[in-house]
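*Asks:* Under the working numbering, the first residue of the sequence shown is numbered 1150, with each subsequent residue one higher.
Heads up, the beta-carbon is just placed ideally off N, CA and C, and yes, glycines get one too.
Values in this document were obtained by computation on a predicted structure and should not be read as measured data.
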Amino acid sequence: MAVIVLAGMIGAGKSTYTTLISEELRSEAFYEQVKDNTILEKFYDNPKRWAFSLQIFFLNTRFRSIKQALVHRHNVLDRSIYEDALFTRINYEQGNMSEAEMALYTDLLDNMMEEIDGMPKKGPDLLIYLRGSLETHLERIQKRGRPYEQIQDNPELLAYYTKLHGRYDDWFASYDKSPTLVINIDEINLERPGDQALVMHKVKQALKQTQEA
1150 MAVIVLAGMI GAGKSTYTTL ISEELRSEAF YEQVKDNTIL EKFYDNPKRW AFSLQIFFLN
1210 TRFRSIKQAL VHRHNVLDRS IYEDALFTRI NYEQGNMSEA EMALYTDLLD NMMEEIDGMP
1270 KKGPDLLIYL RGSLETHLER IQKRGRPYEQ IQDNPELLAY YTKLHGRYDD WFASYDKSPT
1330 LVINIDEINL ERPGDQALVM HKVKQALKQT QEA
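(1) Compute the Euclidean distance between the alpha carbons of Ile1265 and Ser1327, then round it to the nearest angstrom.
(2) Under a three-way DSSP split, which group does Ala1308 fall into?
(3) Suppose contacts are defined by Cβ-Cβ distances below 7 angstroms. Is Pro1273 in contact with Val1152 by that definition?
(4) Nearest to Asn1195 by CA position, among Glu1298, Asp1319, Thr1329 and Ala1234, is which residue?
(5) Which residue wins for smallest C-alpha separation from Leu1203, given the options Leu1279, Met1246, Glu1288 and His1350?
(6) Looking at Arg1222: is its Cβ nearer than 7 angstroms to the Cβ of Met1150?
(7) Can you give, in chain order, each stretch of the beta strand (DSSP E) that sits fully within the stretch 1203-1264 and has at least 3 residues?
(8) What residue range does the beta strand (DSSP E) around Val1183 cover?
(9) Taking Ile1277 as part of the alpha helix (DSSP H), name the residues at either end of that continuous run.
(10) With DSSP as the reference, label Ala1156 as helix, strand or coil.
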């Protein structure tokens, strides 16, 4: 039994990896709420108006998901609360959130993390970082086809993606809540069955090492 969280920029393939891993390990999958998220598309249309609302929405849903996952202890989450602050920080730096909104968000996040730290199980067993080039992420975003995510004729959105991508390695270097595994998505394609087997081998080996530690 294990709690696994996926991490990575927009377009990394977290939901696809979550499905593969949860099915192979016969565990429950927690997916980021996109279909029923009425704020997400509004954010892409007007980030200055909706950035704070969106980040609070995600913070609340991810807090609920990680608490449920840590209680049931056999889950895969396609996004977690641990990388949430990175998105908020980028939005603040780009002028999409005020200083007061950033302070309120930080206070809420700190309170939530304190509650998680007080739980019997304080963190996931493994975090999997899906790392790739900006070009790979942009190609996957285009292939996914959500109209509001596309960068054509939208230099501000490209700047947002570029800045977010450039900060992910620093975020990952500072992450200390669990053991980690890095998967290079430039080299691995889950549409190839052999690559699916390779990923599961890496995941099972990483879990084995955490259990032996």
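*Replies:* So, from the listed chains and residues:
(1) On the sequence shown, position 116 is the one that residue 1265 refers to. On the sequence shown, position 178 is the one that residue 1327 refers to. Separation of Ile1265 and Ser1327 (C-alpha to C-alpha, rounded to the nearest whole angstrom) is 13 angstroms.
(2) Locating residue 1308 in the sequence shown gives position 159, counting from the first residue. Per DSSP, reduced to three states, the secondary structure at Ala1308 is helical.
(3) Walking along the sequence shown from the start, residue 1273 turns up at place 124. Walking along the sequence shown from the start, residue 1152 turns up at place 3. Taking the C-beta atoms as reference points, Val1152 is found nearer than 7 angstroms to Pro1273.
(4) The sequence position of residue 1195 within the sequence shown is 46, counting from 1. Closest option to Asn1195, judged by alpha-carbon separation, among Glu1298, Asp1319, Thr1329 and Ala1234: Glu1298.
(5) As a first step, residue 1203 is located in the sequence shown; it is residue number 54 there, counting from the start. Considering only alpha carbons, the answer is Met1246.
(6) Taking the sequence shown and counting its residues from 1, the one referred to as residue 1222 is at position 73. Taking the sequence shown and counting its residues from 1, the one referred to as residue 1150 is at position 1. Cβ distance < 7 angstroms, so Arg1222 and Met1150 count as in contact.
(7) Counting only runs of 3 or more, we get 1224-1226.
(8) As a first step, residue 1183 is located in the sequence shown; it is residue number 34 there, counting from the start. Note, Val1183: premise wrong, no beta strand (DSSP E); not H, not E.
(9) In the sequence shown, the residue the question calls residue 1277 occupies position 128. Where Ile1277 is concerned, there is no enclosing alpha helix (DSSP H), although the beta strand (DSSP E) it sits in stretches over Leu1275 to Arg1280.
(10) Looking up residue 1156 in the sequence shown gives position 7. Assignment of Ala1156 by DSSP, reduced to helix, strand and coil, places it in the strand class.
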